[in-house]
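Student: To start, I am sharing the structure in question, which I have written as C-alpha cells.
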Amino acid sequence: MGLNLVVGVLVDAEDDYTEMVRADFVAMGELLERAGAQRWTEPDLVEAEDAEFEMWGYSGLHTVRRLAAHLAAGGRLPEPLDRAQRATDDPLLSSVYNTLPGDHPGPFDHLIHHSDCEGYYAPADFAHVIVDKKAPGGYLGSSVRLLAETRCLAEALGLPEDLDPHSEAVFEATDAEEPATEGWQRYGVESYVCLQLLQVAKLSIATGAAIAFT
Numbered sequence: 020m021g022l023n024l025v026v027g028v029l030v031d032a033e034d035d036y037t038e039m040v041r042a043d044f045v046a047m048g049e050l051l052e053r054a055g056a057q058r059w060t061e062p063d064l065v066e067a068e069d070a071e072f073e074m075w076g077y078s079g080l081h082t083v084r085r086l087a088a089h090l091a092a093g094g095r096l097p098e099p100l101d102r103a104q105r106a107t108d109d110p111l112l113s114s115v116y117n118t119l120p121g122d123h124p125g126p127f128d129h130l131i132h133h134s135d136c137e138g139y140y141a142p143a144d145f146a147h148v149i150v151d152k153k154a155p156g157g158y159l160g161s162s163v164r165l166l167a168e169t170r171c172l173a174e175a176l177g178l179p180e181d182l183d184p185h186s187e188a189v190f191e192a193t194d195a196e197e198p199a200t201e202g203w204q205r206y207g208v209e210s211y212v213c214l215q216l217l218q219v220a221k222l223s224i225a226t227g228a229a230i231a232f233t
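One point on numbering: in the working numbering, the residue at position 27 of the sequence shown is 46, and numbering is uninterrupted.
Dropping the structure here:
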C-alpha cells in the first residue's frame, strides 16, 4: 500500500468523504485561529488545479525524515541506508519521533513531526507544529514551513530544486544496487521524495489548498 500527498483533495471526492474532509477543514481553521496563525479556508479547486504526489511508500517519507533528523542534530547527513536497513530503525530518528516538538521550533519540525498516513498541511505560515487531538492525525503542519525545510534539505543534498523527480537521472539513482560515491545520487529514494515534497508544498501555497495524506 502506497502513500500519496494530494492537493485539492475535494476535487471529484465522493459525498460521504467530502463531508468528513470539510469537517476536518473546519477543525483546522479553528486550530489555526487559536494558534494566532493567518485565517484559512479551503478553496474550491477545479480538476486541472489538483494533483497527487507519490512518496515512495511510507518508507520513502521516513528516509527523508531520517536525513533531516541527522542534519538537525549534527549538521551533516548520515551514511546512505543499505537495502536491508529501514529508516525507522535509526536510533536518532526513533528518538525524535518519541519526542514532541519543543518550545523553540527545530529546523525540520514540520517535516518530521507529522503522521505518516493521515492529516494535513495548511498553506499558512506558523512556526510551531500544532499538536492537538482535534487535529486530524494529531498534527497540523504548515505548507510554507514544509517548503522552507525541504529546501534546506535539498541544499544539503546538493539536489537541484527544478530537477524532474521522474527523470532518468533520478530513476537511475533510486534503482542503483549500490549508492553513488558523491552528490545527491548517494540518496536516490530520499532525493525523489524530497523533490515530490517540494512540488506538493509549492502547489499548496500557489493554490491555497491544503496538503492531504491519502
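Virtual Cβ for every residue (Gly too), placed ideally from N, Cα, C.
#1: Please report the straight-line C-alpha distance between Ser-186 and Asp-194, rounded to a whole angstrom.
#2: Rounded to whole angstroms, how far is the Cβ of Ile-149 from the Cβ of Tyr-158, which I believe are closer than 8 Å?
#3: Anyone know if the C-beta pair for Ser-161 and Asp-144 falls short of 8 Å?
#4: Helix, strand or coil for Ser-186? Go by DSSP, reduced to three states.
#5: In terms of alpha-carbon separation, which member of Asp-151, Lys-221, Ala-146 lies closest to Met-47?
#6: Quick one: grab the DSSP three-state call for Leu-214.
#7: Opposite Gly-160 in the DSSP bridges: which residues?
#8: The beta strand (DSSP E) with Phe-72 in it runs from where to where?
#9: Among residues of its own chain, excluding the 5 on either side of Leu-24, which ones have a beta-carbon nearer than 8 Å to its beta-carbon?
#10: Going by DSSP, what residues sit across from Val-25 in a beta bridge?
#11: Kindly indicate the opening and closing residues of the alpha helix (DSSP H) around His-129.
#12: Tell me, to the nearest whole angstrom, how far the beta carbon of Ala-228 is from that of Gly-27; I am working on the premise that it is less than 8 Å.
#13: Tell me which residue opens and which closes the alpha helix (DSSP H) that His-81 is part of.
#14: In this structure, does DSSP put Val-148 in helix, strand or coil?
#15: Would you mind sorting Val-115 into buried or exposed? The rule is 16 or more other CB atoms within 10 Å of its CB.
#16: Could you check which residue in Pro-184, Leu-176, Asp-181 has the C-alpha nearest to that of Thr-251?
#17: Leaving aside the five residues before and after Ile-131 along the sequence, list all residues of the same chain whose C-beta is less than 7 Å from its C-beta, in chain order.
#18: With a threshold of 16 other CB atoms inside 10 Å of the CB of Pro-184, please say whether the residue is buried or exposed.
#19: Ends of the alpha helix (DSSP H) at Pro-8?
#20: Which residues mark the beginning and the end of the alpha helix (DSSP H) in which Asp-34 is found?
#21: Shortest alpha-carbon distance to Asp-122 belongs to which of Asp-34, Asp-31, Ala-146, Ala-91?
Tutor: If we stick to the structure as given:
#1: Numbered from its first residue, the sequence shown carries residue 186 at position 167. Numbered from its first residue, the sequence shown carries residue 194 at position 175. The alpha-carbon separation between Ser-186 and Asp-194 amounts to approximately 12 Å.
#2: Within the sequence shown, residue 149 is the residue found at index 130, counting from 1. Within the sequence shown, residue 158 is the residue found at index 139, counting from 1. At roughly 7 Å, the Cβ-Cβ gap stays under 8 Å, so Ile-149 and Tyr-158 are in contact.
#3: Taking the sequence shown and counting its residues from 1, the one referred to as residue 161 is at position 142. Taking the sequence shown and counting its residues from 1, the one referred to as residue 144 is at position 125. With contacts defined by Cβ atoms closer than 8 Å, Ser-161 and Asp-144 form a contacting pair.
#4: Residue mapping note: residue 186 aligns to position 167 of the sequence shown, counting from 1. Secondary structure of Ser-186 (DSSP, three-state): coil.
#5: As a position in the sequence shown, residue 47 is number 28, starting the count at 1. If we check each option's Cα against that of Met-47, Asp-151 comes out closest.
#6: Residue mapping note: residue 214 aligns to position 195 of the sequence shown, counting from 1. In the structure shown, Leu-214 sits in a helix (DSSP, three-state: H, G or I).
#7: Position 141 of the sequence shown, counted from the start, is the residue given in the question as residue 160. Note: Gly-160 sits in a beta bridge opposite Tyr-140.
#8: Along the sequence shown, read from residue 1 onward, the residue named residue 72 stands at position 53. Run containing Phe-72: 70-73, per the beta strand (DSSP E) assignment.
#9: Numbered from 1 along the sequence shown, position 5 holds the residue referred to as residue 24. Excluding five sequence positions before and after Leu-24, the CB atoms of its chain that fall closer than 8 Å to its own CB belong to Glu-71, Phe-72, Met-74, Gln-215, Leu-216, Val-219, Ile-230, Ala-231, Phe-232, Thr-233, given in chain order.
#10: Looking up residue 25 in the sequence shown gives position 6. Partner(s): Glu-71, Ala-231.
#11: Walking along the sequence shown from the start, residue 129 turns up at place 110. Element bounds for His-129: 128-131.
#12: By one-based count along the sequence shown, residue 228 stands at place 209. By one-based count along the sequence shown, residue 27 stands at place 8. That belief holds up - the Cβ atoms of Ala-228 and Gly-27 are roughly 5 Å apart, short of 8 Å.
#13: Counted from its first residue, the sequence shown places residue 81 at position 62. According to the DSSP assignment, His-81 belongs to the alpha helix (DSSP H) that extends over 76-93.
#14: The residue labelled residue 148 in the question sits at position 129 within the sequence shown. Three-state DSSP puts Val-148 in coil, outside helix and strand.
#15: In the sequence shown, residue 115 corresponds to position 96, counting from 1. By the Cβ neighbour-count rule, Val-115 is buried, with 16 or more other Cβ atoms within 10 Å of its own.
#16: The structure shown does not extend to residue 251, since the chain is modelled only from 20 through 233, so no value can be given for it.
#17: Translated into the one-based positions of the sequence shown, residue 131 becomes position 112. If the five residues before and after Ile-131 are omitted, its C-beta is found closer than 7 Å to the C-beta atoms of Arg-84, Ala-87, Ala-88, Val-115, all from its own chain and listed in chain order.
#18: In the sequence shown, residue 184 corresponds to position 165, counting from 1. Result: buried.
#19: Any property of residue 8 remains undetermined from this structure, which presents the chain solely from 20 to 233.
#20: As a position in the sequence shown, residue 34 is number 15, starting the count at 1. From DSSP, the alpha helix (DSSP H) with Asp-34 extends over 34-53.
#21: As a first step, residue 122 is located in the sequence shown; it is residue number 103 there, counting from the start. Answer by Cα proximity: Ala-146.
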